[in-house]
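Residue numbers (the UniProt record's numbering), protein chains in the order written: chain A, 1 to 281; chain B, 1 to 309; chain C, 1 to 310.
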Amino acid sequence: MTEVYKHIHPSKYFNDYINQDVRPDGRDFDQQRDVIININGITSADASAIVKCGNTTVVCGIKLELARPKAEEPDIGFLISNVELLPLCSSKFRPGPPSDYAQVISNIVSDIVINSKCVDLKDLCVVTDKLAWVIYCDLVCLDYDGSIVDACIIALITSLKTLSLPTVTYDNETEEVKVDTGVKIPLQVHGLPVATSFGIYHKLPRNIILADPSAYEEEMCGGIGANLIVCWNKGLFCGIQKFGGCNLSTEDEKRTISLAKQRCKLVEQVIETCIKNGEVK
Amino acid sequence: MPLDYKRFNGPEDSVSYKRFTADYLKSYDELHSELIDETGHRKDGRAMDEARPMYVRGNFVSQAKGSSYIEMRGTKVVCSVFDPREIVHQNEFSTVGLLFCEVKFAPFACKRQRQSHVPDSEEKALSVALRKAVGPTVCCQLFANFQIDIFVYIIESDGSCLAAAITAAGLALANAAVPMFDVVTASSVAIIGDKIFIDPTEDEEHLAMISPDTNTNHGVITMARLNGLMQIADFRQIGSLDIECILKVTDILEQECQKVFPKIQKTLVGYVKNGIMEQKRLSEEGKAREAKLKDKMLEWRSSIVNNSV
Amino acid sequence: MAGILLSHTEKVYITHGVKNEYRSDGRSNIDYRPMELETDVVSHASGSARLRLANTDILVGVKTEIDVPKPDKPGLGKIEFFVDCSANATPEFEGRGGEQLANSISNIMLRAYQSAQAFNLKQLCIFEGKQCWKLYIDILILECGGNLCDAVSLAVKAALFNTRIPFVKAALMDGGNVDLQLSDDPFDSKWLDVGSAPLLVTLCRIGEKCVVDPTAEEESCSLVSLIVGVTGNPKYYNDYEDEEELPAFEAKCSVISMHGPGSVSPQNLRDAINQGIIAAVCLDEALGKTLFRERRDTEQFKRHSYGFLK
Numbered sequence: 001m002t003e004v005y006k007h008i009h010p011s012k013y014f015n016d017y018i019n020q021d022v023r024p025d026g027r028d029f030d031q032q033r034d035v036i037i038n039i040n041g042i043t044s045a046d047a048s049a050i051v052k053c054g055n056t057t058v059v060c061g062i063k064l065e066l067a068r069p070k071a072e073e074p075d076i077g078f079l080i081s082n083v084e085l086l087p088l089c090s091s092k093f094r095p096g097p098p099s100d101y102a103q104v105i106s107n108i109v110s111d112i113v114i115n116s117k118c119v120d121l122k123d124l125c126v127v128t129d130k131l132a133w134v135i136y137c138d139l140v141c142l143d144y145d146g147s148i149v150d151a152c153i154i155a156l157i158t159s160l161k162t163l164s165l166p167t168v169t170y171d172n173e174t175e176e177v178k179v180d181t182g183v184k185i186p187l188q189v190h191g192l193p194v195a196t197s198f199g200i201y202h203k204l205p206r207n208i209i210l211a212d213p214s215a216y217e218e219e220m221c222g223g224i225g226a227n228l229i230v231c232w233n234k235g236l237f238c239g240i241q242k243f244g245g246c247n248l249s250t251e252d253e254k255r256t257i258s259l260a261k262q263r264c265k266l267v268e269q270v271i272e273t274c275i276k277n278g279e280v281k
Numbered sequence: 001m002p003l004d005y006k007r008f009n010g011p012e013d014s015v016s017y018k019r020f021t022a023d024y025l026k027s028y029d030e031l032h033s034e035l036i037d038e039t040g041h042r043k044d045g046r047a048m049d050e051a052r053p054m055y056v057r058g059n060f061v062s063q064a065k066g067s068s069y070i071e072m073r074g075t076k077v078v079c080s081v082f083d084p085r086e087i088v089h090q091n092e093f094s095t096v097g098l099l100f101c102e103v104k105f106a107p108f109a110c111k112r113q114r115q116s117h118v119p120d121s122e123e124k125a126l127s128v129a130l131r132k133a134v135g136p137t138v139c140c141q142l143f144a145n146f147q148i149d150i151f152v153y154i155i156e157s158d159g160s161c162l163a164a165a166i167t168a169a170g171l172a173l174a175n176a177a178v179p180m181f182d183v184v185t186a187s188s189v190a191i192i193g194d195k196i197f198i199d200p201t202e203d204e205e206h207l208a209m210i211s212p213d214t215n216t217n218h219g220v221i222t223m224a225r226l227n228g229l230m231q232i233a234d235f236r237q238i239g240s241l242d243i244e245c246i247l248k249v250t251d252i253l254e255q256e257c258q259k260v261f262p263k264i265q266k267t268l269v270g271y272v273k274n275g276i277m278e279q280k281r282l283s284e285e286g287k288a289r290e291a292k293l294k295d296k297m298l299e300w301r302s303s304i305v306n307n308s309v
Numbered sequence: 001m002a003g004i005l006l007s008h009t010e011k012v013y014i015t016h017g018v019k020n021e022y023r024s025d026g027r028s029n030i031d032y033r034p035m036e037l038e039t040d041v042v043s044h045a046s047g048s049a050r051l052r053l054a055n056t057d058i059l060v061g062v063k064t065e066i067d068v069p070k071p072d073k074p075g076l077g078k079i080e081f082f083v084d085c086s087a088n089a090t091p092e093f094e095g096r097g098g099e100q101l102a103n104s105i106s107n108i109m110l111r112a113y114q115s116a117q118a119f120n121l122k123q124l125c126i127f128e129g130k131q132c133w134k135l136y137i138d139i140l141i142l143e144c145g146g147n148l149c150d151a152v153s154l155a156v157k158a159a160l161f162n163t164r165i166p167f168v169k170a171a172l173m174d175g176g177n178v179d180l181q182l183s184d185d186p187f188d189s190k191w192l193d194v195g196s197a198p199l200l201v202t203l204c205r206i207g208e209k210c211v212v213d214p215t216a217e218e219e220s221c222s223l224v225s226l227i228v229g230v231t232g233n234p235k236y237y238n239d240y241e242d243e244e245e246l247p248a249f250e251a252k253c254s255v256i257s258m259h260g261p262g263s264v265s266p267q268n269l270r271d272a273i274n275q276g277i278i279a280a281v282c283l284d285e286a287l288g289k290t291l292f293r294e295r296r297d298t299e300q301f302k303r304h305s306y307g308f309l310k
């Protein structure tokens with residue numbers, strides 16, 4: 001019965017919940033969903049991680065390749081990340097080339113990872129000007145229920161932390177490359193960026209901040225893409241992004257920044273525990 | 001790889017590092033001897049006629065009308081089905097419904113090389129094969145002029161991808177309450193010489209596609225079956241096989257498809273049971289709340305009557 | 001391919017006839033209609049063939065180019081099929097209408113030629129790991145009267161039989177690059193070994209039995225059809241002096257596929273495959289004898305070339 005109201009009169013449905021200080025899925029405004037991480041699930045990838053934030057499921061798979069470095073930057077390797085919003089994860093996405101929204105998310109994730117310098121690209125160079133590693137990180141969303149950037153960043157960082165590069169020997173005279181998969185060196189990851197999404201719901205007299213919005217709440221707060229994304233990296237504030245949507249007062253901004261800082265600590269703990277358990281096995 | 005302007009691209013000349021490992025180019029005999037050990041068991045410990053244990057789950061994607069997830073050790077397949085919507089790019093009225101199937105590999109799904117994001121001919125061929133296999137089961141005449149989207153995503157591929165995709169699609173369609181004639185299940189078999197590998201892994205399939213120098217049988221056969229009606233929905237073979245081998249394998253495949261069927265049935269019945277119990281619980285809670293409101297209403301009425309008196 | 005309207009009674013008539021092995025034009029269930037085949041119709045191509053089967057008209061051209069072999073298959077050449085359904089054939093192919101059909105035909109041809117027992121790619125190798133021949137097979141559907149796969153596979157085999165590969169006189173390694181020397185004489189070439197190339201047979205299920213080479217009316221009575229690709233017998237395609245020196249030939253299936261919105265029972269499938277193999281073996285023998293006779297006539301300058309006049 002209530003499902004029918006959700007489709008006929010979505011704003012009233014949502015307002016009724018907000019007026020009682022609760023969200024449609026039962027959470028408080030500041031409460032965030034649980035994070036579940038699984039590593040090394042995919043054996044065909046060189047490193048992988050599956051992250052679930054509530055219903056939102058993102059799989060990250062890393063594939064390593066070798067290539068010749070660029071002529072103008074001969075001593076650095078490549079780190080390329082792409083986010084794929086599949087048509088199967090939600091009816092909002094159609095098959096075919098990536099939509100505008102998918103490209104925007106891809107760009108945000110790529111910017112966060114590259115600007116946080118968590119991987120030093122100089123580590124990826126094998127022989128200057130001849131051979132360098134290319135790390136292809138492919139993030140695939142299997143179930144879209146809001147906060148996609150959070151889940152993508154967690155999956156990406158976790159799989160980078162579990163990645164190890166095989167040793168490469170390069171013979172200068174014959175230009176022959178030999179790769180030994182038996183001896184592997186783990187990749188050095190500095191820092192741990194964590195992103196937190198917030199939705200801002202327009203309500204008089206004051207706008208309401210909803211932490212970790214689900215897909216339905218994102219739509220109510222101004223459509224997908226109108227989220228506020230705050231990013232922390234091990235105690236250092238590293239980014240804040242907001243594209244359109246409702247206004248944000250300064251106290252609310254401070255509150256979101258401190259909420260994001262707390263979440264950063266929690267996510268770090270989860271990732272460390274997961275990796276430690278993985279190693280024990 | 002053609003340049004894809006909507007995604008970040010790596011350098012064009014990047015190649016998988018596996019090409020430079022010592023065991024990249026192995027001869028046919030070496031690969032063959034690796035597959036079966038002295039006791040007649042395969043590389044992963046199975047007997048020749050043993051299929052991999054299958055984990056089946058419905059309701060995997062919360063945003064889809066119906067979805068399923070199938071895992072057979074190394075092969076992991078997700079499928080989701082959406083509500084009927086209008087047929088794109090069509091002007092005339094169509095008296096039957098359409099099925100739109102898309103199969104995609106994850107870029108990290110195959111261990112040999114990285115798949116590109118642009119669908120290549122293999123993915124297109126698999127999409128067509130899936131539509132042919134699932135087509136006979138769906139009652140298309142009941143949703144005239146609409147199209148139902150079936151999306152299959154292969155997260156990890158280790159052989160029998162098409163069979164897993166067909167079974168996943170059948171389960172997802174049933175989970176989405178799309179009207180169907182029967183449940184479709186599929187299985188595949190690889191033949192190398194006189195050895196028949198049931199539910200082959202990727203190494204076994206790869207070897208079965210290569211012909212040895214002698215004229216022996218080699219090939220891969222995939223069959224999709226409608227189990228209640230006992231009919232074959234799709235049969236595809238590649239390689240080079242003689243007629244007795246094909247006839248023998250047809251029987252084996254029918255049995256394999258039949259073995260998968262009870263798992264799918266159990267999953268579907270389980271979800272229906274849960275759904276009914278959930279509805280029962282909600283309606284009881286609703287009734288309890290209504291009864292409380294009614295009591296309060298009577299109390300309020302009687303208090304008004306008392307006050308006015 | 002244009003909509004044939006048949007009444008229910010006509011469909012019953014056809015179905016009952018097929019059950020008793022009688023078809024409306026007097027053929028049995030595994031008889032083909034008469035075909036016309038001519039090779040070497042396109043002078044620019046390395047090999048070509050044109051086939052007419054009732055209302056279906058197919059033109060195949062084969063081009064050869066030098067290419068680098070795949071890194072995981074250094075001793076094999078490459079082969080690629082391209083099918084073009086032009087709007088000439090039927091009005092349904094206008095724009096991108098024929099694309100799906102073209103993709104499915106080229107896909108099934110690729111699968112049929114995938115096995116080395118069907119077509120051995122080793123004969124296309126020049127220098128292992130560095131250079132090989134790549135065959136581009138272009139198939140043009142000039143007129144579509146049903147039964148496309150059979151006609152396409154026959155025409156492709158005829159065109160490949162007609163293909164000449166230039167003789168490589170010398171291949172020298174020149175500091176990482178390969179230097180090829182081809183002979184100047186255009187007739188100094190070798191023929192391809194296509195004896196075992198597969199032929200596809202389409203079997204339409206009408207009622208409980210299957211028919212080969214259906215007319216348009218018969219196709220509209222059937223819901224599902226089976227395509228069987230059977231390897232050929234090299235005996236008919238080569239000049240073998242001594243018949244005993246050949247190993248015993250066994251017809252093998254190189255591809256099986258199903259088309260159409262229906263399904264088949266397992267017994268139907270078995271019967272259909274058996275029928276398909278019998279039909280393919282007869283077809284292969286007839287094709288081989290025809291092609292061999294044409295080649296002999298050409299060598300003795302007795303051949304009369306019709307081209308596109310007929």
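Ideal placement from N, C-alpha and C gives every residue a C-beta, glycine not left out.
Model, not experiment: these values are computed from the prediction.
Taking a Cβ-Cβ threshold of 7 Å, the residues of chain A close to valine 78 of chain B are Leu88, Leu142, in chain order. Flagged as an interface residue toward chain B: valine 177 of chain A, by a C-beta distance shorter than 7 Å. Serine 225 of chain C sits away from isoleucine 206 of chain C, with the two beta carbons spaced by 7 Å or more. With distances taken between CA atoms, cysteine 144 of chain C lies nearest to C/Thr90 out of C/Phe127, C/Ser106, C/Thr90, C/Ser104.
Linking glutamine 63 of chain B to isoleucine 150 of chain B through their CA atoms gives a straight-line distance of about 14 Å. Using a Cβ-Cβ cut-off of 7 Å, proline 74 of chain A does not count as an interface residue toward chain B, since no Cβ of chain B sits closer than that to its own. Look at the beta carbons and you see the stretch 175-189 of chain B touching the stretch 249-259 of chain B: at least three pairs across the two are nearer than 8 Å. The stretch 127-134 of chain A makes contact with the stretch 66-79 of chain A: 3 or more CB pairs, one atom from each, lie closer than 8 Å. Take the alpha-carbon of histidine 259 of chain C and the one of leucine 148 of chain C: they are about 13 Å apart.
DSSP places cysteine 85 of chain C outside any alpha helix (DSSP H); the residue lies instead in the beta strand (DSSP E), whose first and last residues are 78-85. Rounded to whole angstroms, the separation of the alpha carbons of isoleucine 108 of chain A and serine 147 of chain A is 13 Å. Three or more Cβ pairs closer than 8 Å define a contact, and the stretch 249-259 of chain C falls short of that threshold against the stretch 59-75 of chain C. Under DSSP, glutamine 231 of chain B shares a beta bridge with B/Leu226. Closer than 8 Å at the C-beta level to chain C, one finds these residues of the stretch 221-237 of chain B: Ile221, Leu226, Leu229, Met230, Gln231, Ile232, Ala233, Asp234, Phe235, Arg236, Gln237. Neighbours of tyrosine 17 of chain B across chain A, judged by C-beta separation under 7 Å: Leu64, Glu65, Leu66, Pro166, Val179.
If you check each beta-carbon in the stretch 39-56 of chain B against every beta-carbon of chain C, none falls closer than 8 Å. Listed along chain B are Ser62, Gln63, each with a C-beta nearer than 7 Å to that of aspartate 145 of chain A. The alpha-carbon of glutamate 175 of chain A is positioned some 43 Å away from that of threonine 273 of chain A.
The way I'd put it, the stretch 174-189 of chain A doesn't touch the stretch 25-42 of chain A; fewer than three beta-carbon pairs between them come closer than 8 Å.
The alpha-carbon of glutamine 113 of chain B is positioned some 26 Å away from that of isoleucine 105 of chain A. Going by DSSP, methionine 220 of chain A is part of no beta strand (DSSP E) but of the alpha helix (DSSP H) stretching over 215-220. DSSP lists B/Gly219 as the bridge partner or partners of glycine 239 of chain B. The contact set of leucine 247 of chain B on chain C, defined by CB atoms closer than 7 Å, consists of Arg270 in chain order. Here threonine 162 of chain A really is in contact with isoleucine 39 of chain A; their C-beta atoms are around 5 Å apart, less than 8 Å. Listed as beta-bridge partners of tyrosine 17 of chain B by DSSP are no residues whatsoever. Collapsing the DSSP output to three states places isoleucine 30 of chain C in coil. Bounds of any beta strand (DSSP E) do not take in glycine 276 of chain C; it lies within the alpha helix (DSSP H) bounded by 266-299. Between the beta-carbon of methionine 72 of chain B and that of alanine 174 of chain B there is about 19 Å, and that puts the pair past the 8 Å contact cut.
The continuous beta strand (DSSP E) containing histidine 259 of chain C extends over residues 253-259. Residue burial is scored here from C-beta neighbours: threonine 39 of chain B has fewer than 16 other C-beta atoms within 10 angstroms and is therefore classed as exposed.
At a cut-off of 7 Å, the C-beta of alanine 190 of chain B has no neighbouring C-beta in chain C. What valine 134 of chain B touches in chain C, judged by beta-carbon distance under 9 Å, is nothing: the nearest beta carbon there is about 11 Å away. Burial check for tryptophan 300 of chain B: the Cβ neighbour count within 10 Å stays below 16, so the residue is exposed. In the three-state reduction of the DSSP assignment, aspartate 120 of chain A falls in the coil class.
Per the DSSP secondary-structure output, methionine 35 of chain C pairs in a beta bridge with C/Leu53.
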